[in-house]
Amino acid sequence: MTPKYNKIHNRFKLNGLHFSYEDLKEVAYSLIKEGEPYEKVTGNFLIDWLNQDDFLYVNTSGSTGQPKAIKLKKQAMVNSAIATGDYFGLEPGDTALDCLPSHYIAGKMMLVRAMILGLEIDCVEPSAHPIFDYEKKYDFCAMIPLQLKHTINYTHNIKTIIVGGSMITKPLLEQIKHSSSKFYETYGMTETVTHVAVRRLESTSGTGEEFFNALPNISFNKDERNCLVINASKLVEEVLVTNDIVDLKSDTSFKLLGRFDNVIISGGVKLFPEQIEKKLQPVIDERFILAGEDDGTLGEKLVLIIENPRDSKDSIANRIKHLKDLTKFEIPKEIYVTDKFVETVNGKIQRNKTIKMVLGS
1 MTPKYNKIHN RFKLNGLHFS YEDLKEVAYS LIKEGEPYEK VTGNFLIDWL NQDDFLYVNT
61 SGSTGQPKAI KLKKQAMVNS AIATGDYFGL EPGDTALDCL PSHYIAGKMM LVRAMILGLE
121 IDCVEPSAHP IFDYEKKYDF CAMIPLQLKH TINYTHNIKT IIVGGSMITK PLLEQIKHSS
181 SKFYETYGMT ETVTHVAVRR LESTSGTGEE FFNALPNISF NKDERNCLVI NASKLVEEVL
241 VTNDIVDLKS DTSFKLLGRF DNVIISGGVK LFPEQIEKKL QPVIDERFIL AGEDDGTLGE
301 KLVLIIENPR DSKDSIANRI KHLKDLTKFE IPKEIYVTDK FVETVNGKIQ RNKTIKMVLG
361 S
């Protein structure tokens, strides 16, 4: 029988203590009144979760558009938690570490998974470098790449780590290869109640995967643009059409190529910035993005925008030219420098706003 959103699993523990449904309401009020700023946010979420409504509003991060509030059914959040539990084999009494802010869906869902699946969850202050008990064994944790970058040397006691929210850099992927934990890159969004697919990353515990694989009760197809269409009736009432161009392997597996609205047509050649950015990572240490700039000959020319680089533009251009796996179309025609990228409140690059700021278009 599927658990309901208005029930708390009897094995659930928060920071080492067991709480019933009614107890948790008191905890929420206490967090709001006396807690640290991040705990007040958690308290507010728990109040929303424990009220009589069958829905709540969740804010998007704004990384691909204007931030907005989305109405989500609580039962859909429960169904998402169950799918995650089934996929990763989480059992009542398993331990979880929550280092994500409860402002957004990823942090909220860590708490929902714990309440529904009966996990023993420890919540620590969400920061770029989260501090937790490095010697305690945890079964499950979710992080953004920046957090994992700063804690990768302390994650040996975490069995499974899911990573999402932004691109995982090549240097971090190399570090992951030498770690003993199981790592998975996630694909999802607020509208799908966090991840609907995951991709295993190579580590000492197992080989990596090229394609994302669907969680239980989720399937995929493509539209005429080759963009992913998500069928997840237990999470969203209608099919969800994305702007993510994919190579569809099956109705439960795909490779992510890039955003439809980021594609650059240069001299008649279709370029996917996200794919080229991966190729450039070994020779650029700073944050960077690729963009298309109007050009009288090519229509659009590929340009590189770097945040506060230490090296000269000529030095960077020279390193790029010596990359063997770049085609001539994938070599940026111009390099622009900016002191600071435009970001969302939780540190994601706002690509379109940054491009408009730098190129003035």
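In this text, residue positions in the sequence shown follow UniProt numbering: the first is 1, and each later residue adds one. Glycine included, every Cβ here is placed at the ideal spot set by N, Cα and C.
query = Roughly how many angstroms separate the alpha carbons of isoleucine 47 and glutamate 34, rounded to a whole number?
reply = On the sequence shown, position 47 is the one that residue 47 refers to. On the sequence shown, position 34 is the one that residue 34 refers to. Looking at the two C-alpha atoms, the distance is approximately 15 Å.
request  = Take leucine 290 as the anchor and find which of Glu330, Lys255 and Phe260 has the nearest alpha-carbon.
outcome  = Position 290 of the sequence shown, counted from the first residue, corresponds to residue 290. That would be Glu330, whose Cα lies nearest to the Cα of leucine 290.
ask   = For proline 282 versus leucine 302, is the C-beta distance shorter than 8 Å?
value = Against the sequence shown, residue 282 aligns to sequence position 282. Against the sequence shown, residue 302 aligns to sequence position 302. No. Outside cutoff.
request  = Hey, could you find the ends of the alpha helix (DSSP H) lysine 333 is sitting in?
outcome  = Translated into the one-based positions of the sequence shown, residue 333 becomes position 333. Counting along the chain, lysine 333 falls outside any alpha helix (DSSP H), and DSSP gives it neither H nor E.
task = Assign histidine 129 to one of two classes, buried (16 or more other C-beta atoms within 10 Å of its C-beta) or exposed (fewer than that).
result = Here residue 129 refers to the residue found at position 129 when the sequence shown is read from its first residue. Per the 10 Å Cβ criterion, exposed.
inquiry  = Spatial neighbours of alanine 76 within its chain, please: C-beta separation below 8 Å, excluding the five flanking residues on both sides.
reply    = Counted from its first residue, the sequence shown places residue 76 at position 76. So the list reads Val193, Lys234, Leu235 and Val236, once near-sequence residues are dropped.
query = Which of the three DSSP states, helix, strand or coil, is assigned to serine 315?
reply = What you label residue 315 is simply residue 315 of the sequence shown in a count that begins at 1. Of the three classes helix, strand and coil, the one that applies to serine 315 here is helix, per DSSP.
task = Name, in chain order, the residues that DSSP records as bridge partners for lysine 13.
result = For the purposes of this step, residue 13 is identified with residue 13 of the sequence shown, where counting begins at 1. According to DSSP, lysine 13 bridges with His18 and Glu120.
ask   = Can you pull the DSSP bridge partners for arginine 200?
value = Here residue 200 refers to the residue found at position 200 when the sequence shown is read from its first residue. In DSSP, arginine 200 forms a bridge with Tyr184.
inquiry  = Do phenylalanine 19 and alanine 114 have their beta-carbon atoms positioned less than 8 Å apart in this structure?
reply    = Here residue 114 refers to the residue found at position 114 when the sequence shown is read from its first residue. Here residue 19 refers to the residue found at position 19 when the sequence shown is read from its first residue. For alanine 114 and phenylalanine 19, no; Cβs fall outside 8 Å.
key: Separation of isoleucine 152 from glutamine 175, as counted between CA atoms   = Position 175 of the sequence shown, counted from the first residue, corresponds to residue 175. Position 152 of the sequence shown, counted from the first residue, corresponds to residue 152. Each residue's alpha carbon lies about 7 Å from the other.
request  = Look up asparagine 352 in the DSSP assignment and say whether it is helix, strand or coil.
outcome  = Within the sequence shown, numbered from 1, the residue matching residue 352 stands at position 352. Helix.
task = Let me know if glutamate 185 comes out buried or exposed under the rule of 16 or more other beta-carbons within 10 Å of its beta-carbon.
result = On the sequence shown, position 185 is the one that residue 185 refers to. Counting Cβ neighbours within 10 Å, glutamate 185 comes out buried, since at least 16 surround it.
task = With alanine 83 as the anchor, note down where its alpha helix (DSSP H) starts and where it stops.
result = Here residue 83 refers to the residue found at position 83 of the sequence shown. Run containing alanine 83: 74-88, per the alpha helix (DSSP H) assignment.
task = Can you have a look at glutamine 52 and say buried or exposed, based on whether 16 or more other CB atoms are within 10 angstroms of its CB?
result = By 1-based counting over the sequence shown, the position of residue 52 is 52. When all chains shown are included, glutamine 52 counts as exposed.
Inter-residue Cα distance where the pair is glutamate 307 and lysine 324 = In the sequence shown, residue 307 corresponds to position 307, counting from 1. In the sequence shown, residue 324 corresponds to position 324, counting from 1. When rounded, the distance between both Cα atoms is 24 Å.
ask   = Run through DSSP, which three-state label would glycine 206 get?
value = Counting from one through the sequence shown, the residue named residue 206 turns up at place 206. Looking at glycine 206 - three-state DSSP - the assignment turns out to be strand.
Completely contained beta strand (DSSP E) runs for the segment 248-309, where each covers 3 or more residues = 253-259, 264-266, 269-271, 288-295 and 299-307
query = For alanine 142, which of helix, strand or coil comes out of DSSP?
reply = Working through the sequence shown from its first residue, we reach residue 142 at position 142. Here alanine 142 sits in strand by DSSP.
message = Can you give me the C-alpha to C-alpha distance between glycine 107 and leucine 100, rounded to a whole angstrom?
response = By 1-based counting over the sequence shown, the position of residue 107 is 107. By 1-based counting over the sequence shown, the position of residue 100 is 100. For glycine 107 and leucine 100, the distance between alpha carbons rounds to 5 Å.
query = Is it true that the segment 18-32 meets the segment 152-166, where meeting means three or more beta-carbon pairs spaced less than 8 Å apart?
reply = no
request  = Kindly indicate the opening and closing residues of the alpha helix (DSSP H) around asparagine 44.
outcome  = As a first step, residue 44 must be located in the sequence shown, where it is residue number 44. Looking at the DSSP string, the run of the alpha helix (DSSP H) that includes asparagine 44 is 37-50.
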